[in-house]
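Undergrad:
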Amino acid sequence: MSRTVLVVRLDNAGDVLLQGPLVRAVAASAERVVFLAGPAGAEAAALLPGVDEVWTWRCPWIDATPSPVDAADIAALTDRMRALAPDEALISTSFHQSPLPLALVLRTAGVPRISAISVDYPGSLLDVRHHVDDDLPEPERALSLARAAGFELPPRDDGLLAVRRPLPPIDHEPGYVVVHPGASVPARAWPADRFAEAVEALSDEGHRVLVTGGPGERALTAAVAGTRGVDLGGATSLPEMAAVLDGAAAVVVGNTGPAHLAAAVGTPVVSLFSPVVPAERWAPYGVSTVLLGDQSAPCRNTRARECPVPGHPCLTSVTAQDVVAAVGKICTVQPVAAVRIDVAPGAVATEVR
Numbered sequence: 174m175s176r177t178v179l180v181v182r183l184d185n186a187g188d189v190l191l192q193g194p195l196v197r198a199v200a201a202s203a204e205r206v207v208f209l210a211g212p213a214g215a216e217a218a219a220l221l222p223g224v225d226e227v228w229t230w231r232c233p234w235i236d237a238t239p240s241p242v243d244a245a246d247i248a249a250l251t252d253r254m255r256a257l258a259p260d261e262a263l264i265s266t267s268f269h270q271s272p273l274p275l276a277l278v279l280r281t282a283g284v285p286r287i288s289a290i291s292v293d294y295p296g297s298l299l300d301v302r303h304h305v306d307d308d309l310p311e312p313e314r315a316l317s318l319a320r321a322a323g324f325e326l327p328p329r330d331d332g333l334l335a336v337r338r339p340l341p342p343i344d345h346e347p348g349y350v351v352v353h354p355g356a357s358v359p360a361r362a363w364p365a366d367r368f369a370e371a372v373e374a375l376s377d378e379g380h381r382v383l384v385t386g387g388p389g390e391r392a393l394t395a396a397v398a399g400t401r402g403v404d405l406g407g408a409t410s411l412p413e414m415a416a417v418l419d420g421a422a423a424v425v426v427g428n429t430g431p432a433h434l435a436a437a438v439g440t441p442v443v444s445l446f447s448p449v450v451p452a453e454r455w456a457p458y459g460v461s462t463v464l465l466g467d468q469s470a471p472c473r474n475t476r477a478r479e480c481p482v483p484g485h486p487c488l489t490s491v492t493a494q495d496v497v498a499a500v501g502k503i504c505t506v507q508p509v510a511a512v513r514i515d516v517a518p519g520a521v522a523t524e525v526r
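Numbering (this note's numbering), first residue to last: 174 to 526.
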């Protein structure tokens, strides 16, 4: 049995939530799981069942607004890792990120076994160099790394996303619709005026609508909620947000962290999904989902942060009535064990040194 295992994911909250199955697989045979997260993902890491401790570090080669590489900062991280002395580490990354810089730091700190997905030759930096088809849904991609490293989900674990329970109490009777208008990447955002129209249209259909957002999105949520929705912008911690989503009949949200948080509490999602990244990897996992947006738009697979196409047609083609129809559809669908978009099956290979 591995005594202390370090799990690493250094980007956003949604990315961290998608590591849930990997974490539970590791926790099934480890005595202690320490999760190293970036500042944007640390609160999400604390929500994952199986995590015993969360460490936070801002990574200059992964953070979206990176600071310059600081030798003293790298040395301090190395010292912390040497003191932690994990028996092994799993470095989880997105397909466009490299695990090798951090693998070098961990190796320098004396970590004896390191596993990661890497298309680049790792030399002696990795003990398990895993290869995986990039069209796998992100939770399955991450779980495949855990399995390559020798960790399996415990019996009766369904491999879906999950959060720690019980969640905090909230003051809203379940059965409402949550509308979350914010997005960390502008190219993935439906226009605010469309969200406001959707709140009006959903209210006209008899739905109670709660509008959620972070502390920096209060002006947005107030404008979207108008006089018909309940504005919760900046009013919830991440566990409280999970509780709000848990009580919803459906969540209307773009491709951003709360979509994955909704999936982690088992709530159906109406996903306003810009195709700048592929839906087969990043759509809400394991819950009933209606995908809205032109998935064949010219911005497809560009990974653009700002929309490269005038008028943002992939999402502006979606109307408030489309959202109302999707909510009506998804609220009548029975829960599913898992949802996957059909893609060509890809070979998975693992190299163990």
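Note that the Cβ used here is the ideal one computed from N, Cα and C, for glycine as well.
Under a three-way DSSP split, which group does residue 204 fall into?
TA: Residue 204: strand per DSSP, three-state reduction.
Undergrad: Nearest to residue 359 by CA position, among 312, 251 and 447, is which residue?
TA: 447
Undergrad: Just to confirm, is the Cβ distance from residue 444 to residue 462 under 8 Å?
TA: yes
Undergrad: In angstroms with no decimal places, state the Cα-to-Cα distance between residue 128 and residue 310.
TA: Because the chain spans 174 through 526 in this model, residue 128 falls outside it and cannot be assessed.
Undergrad: Does DSSP classify residue 465 as helix, strand or coil?
TA: strand
Undergrad: Cβ of residue 414 within 8 Å of Cβ of residue 383?
TA: no
Undergrad: Measuring straight from C-alpha to C-alpha, what distance separates residue 379 and residue 349?
TA: 10 Å
Undergrad: To the nearest angstrom, how far is the alpha carbon of residue 486 from that of residue 438?
TA: 31 Å
Undergrad: Can you check the segment 341-425 for any beta strand (DSSP E) of at least 3 residues that lies completely inside it and give the ranges in chain order?
TA: If we require 3 residues or more, the beta strand (DSSP E) runs fully inside the segment 341-425 come out as 349-353, 382-386 and 403-406.
Undergrad: Hey, residue 217 and residue 375: beta-carbon distance below 8 Å or not?
TA: no
Undergrad: Among 483, 178 and 430, which has the Cα closest to the Cα of residue 261?
TA: 178
Undergrad: Using 8 Å as the threshold, is the C-beta distance between residue 406 and residue 363 below it?
TA: In this structure, residue 406 keeps its C-beta atom at 8 Å or more from the C-beta atom of residue 363.
Undergrad: Can you give me the C-alpha to C-alpha distance between residue 402 and residue 342, rounded to a whole angstrom?
TA: 20 Å
Undergrad: Just to confirm the assignment, what range does the beta strand (DSSP E) spanning residue 286 have?
TA: Unbroken run through residue 286: none, as it is neither H nor E.
Undergrad: Going by DSSP in three states, residue 255 sits in which element: helix, strand or coil?
TA: Assignment of residue 255 by DSSP, reduced to helix, strand and coil, places it in the helix class.
Undergrad: At the level of alpha carbons, what is the spacing between residue 338 and residue 400?
TA: 33 Å
Undergrad: Alpha carbon to alpha carbon, how far is residue 481 from residue 207? Give it in angstroms, no decimals.
TA: 39 Å
Undergrad: At the level of alpha carbons, what is the spacing between residue 526 and residue 316?
TA: Here the model assigns residue 526 a pLDDT of 37, short of 50, so the residue's position is not dependable and the matter cannot be decided.
Undergrad: Between the segment 453-467 and the segment 243-251, do three or more beta carbon pairs fall short of 8 Å?
TA: no
Undergrad: Measuring only the C-alpha atoms, how far is residue 148 from residue 195?
TA: Absent from the structure is residue 148, since the part of the chain shown begins at 174 and ends at 526.
Undergrad: Compare the C-alpha of residue 398 against each of 420, 389, 430 and 365 and name the closest.
TA: Residue 365 is the option with its Cα nearest to residue 398.
Undergrad: Flag this pair as yes or no: are the beta carbons of residue 500 and residue 477 separated by less than 8 Å?
TA: no
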